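Structure record follows, encoded as structure tokens.
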Amino acid sequence: MKDNVITINQELFDDLYAANQELAKLRVQLKQIETKKADRAESYKRVRKINPDEKKFGAIMRAANRSLKSQVYKDPQTLKQLIKLKIKDIEEYMFYAILKNRVSAVVGMEDFVNFCEEHELNKNAVAQHVVICGEKKTNEVFKYGLGSVFKPEKLDLMNVEVFTDEELNLEQYKPKKHQ
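Residue 506 in the working numbering is what sits at position 168 of the sequence shown, and the numbering runs on without skipping anything.
Here it is in structure tokens:
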């Protein structure tokens, strides 16, 4: 009887030991899979280097748009004054150079120009407003078109230029290198 108990205990011990070894192997495999998955996820993350001036430009646009929401008059002159108040971290000519580049990118879209001509809109003025609304709205205009992104009432308000061509043509800007 004692030998039977010892044999059964030995068999249970061997089975538990084998199961424990198998469990340890599975834990190692799971850890390897999790590591591979994390590495793959990390490699898929899009790393975009942003020009420091572009970053400041975006911050100015966001701050000006937030301030515009609380204003009674939301006309282009008010918007211009709000933007000029926010331009303090960067030089004015640099701000205008970035704005001009983005406006020219929007005006370079054939669909945008056709839409403006069909609806008798000033393409440069509307492009300025699109860029001032922010990068997200600008990208939506590129993807979906002007008519799909903005309501007709808003487009009528956007038909007046915020900045003159003289202001946008300041040519002293030298972009900073990416960090």
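For glycine and all other residues, C-beta sits at the position ideal for the given N, C-alpha and C. All of these numbers come straight from a predicted model, not from anything done at the bench.
Just so you know, the alpha carbons of Asn460 and Lys418 end up roughly 17 Å apart. Residue state for Tyr482 is assigned as helix, using DSSP reduced to three classes. Three or more Cβ pairs closer than 8 Å define a contact, and the segment 446-455 falls short of that threshold against the segment 426-438. DSSP places Val366 within a helical segment (H, G or I) once states are collapsed to three. For Lys481, there are no CB contacts under 6 Å within the same chain when 5 residues up- and downstream are skipped. Burial state of Val366 is exposed, judged by a 10 Å Cβ sphere holding fewer than 16 other Cβ atoms.
Lys418: member of the alpha helix (DSSP H) spanning Pro414 to Lys424, first to last residue.
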